[in-house]
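Undergrad: I have a structure here, written as C-alpha cells, and I will follow up with some questions on it.
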Amino acid sequence: TFPTAMHICAYFEITKRVIPALDSLIASFEKLQEKGKGLQKVGRTHLQDATFIMVDQEISAFVDGLKTA
C-alpha cells in the first residue's frame, strides 16, 4: 500500500542521507570543540549577559543533543 511504500522510502533515504550527514556534522562539531578549548565567551540568558562559559562546553551541548536525538 502507499503508506507502507512511503515508510520504506523514508527509511532508505534516512539511512542513506540523513544519518551520514548528521555523523559528519557531529564530527565537525567535535573538531570545533577541540579548537575552542580554553576559550571563554559571555553566556546569554533571556537575551542578557550571564556568567562566562567555555566555548567547548557550549559546543559539547550541541554534540550531545545531536547524539541523543
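Taking full-length UniProt numbering, the leading residue of the sequence shown gets 1, the next gets one more, and so forth. Backbone N, C-alpha and C fix where the C-beta goes; we use that ideal spot for every residue, glycine too. If you're wondering where the values come from, they're calculated on a predicted model, not measured in any experiment.
Is Gly65 helix, strand or coil when you go by DSSP?
TA: In the sequence shown, the residue the question calls residue 65 occupies position 65. Here Gly65 sits in helix by DSSP.
Undergrad: Going straight from the alpha carbon of Asp56 to that of Leu22, what length do you get?
TA: Locating residue 56 in the sequence shown gives position 56, where the first residue counts as 1. Locating residue 22 in the sequence shown gives position 22, where the first residue counts as 1. Taking the straight line from one Cα to the other gives about 19 Å.
Undergrad: Here's the rule I'm using: 16 or more other beta-carbon atoms within 10 Å means buried, otherwise exposed. How should Phe12 be labelled?
TA: Position 12 of the sequence shown, counted from the first residue, corresponds to residue 12. With fewer than 16 other Cβ atoms within 10 Å, it is exposed.
Undergrad: Taking all protein chains shown into account, decide if Ile59 is buried (16 or more other Cβ within 10 angstroms of its Cβ) or exposed.
TA: As a working note, residue 59 is residue 59 in the sequence shown. By the 10 Å Cβ count, Ile59 comes out buried.
Undergrad: According to DSSP, simplified to helix, strand and coil, what is Thr1?
TA: Sequence index remark: in the sequence shown, residue 1 carries index 1 (1-based). In the structure shown, Thr1 sits in coil (DSSP, three-state: anything other than H, G, I, E or B).
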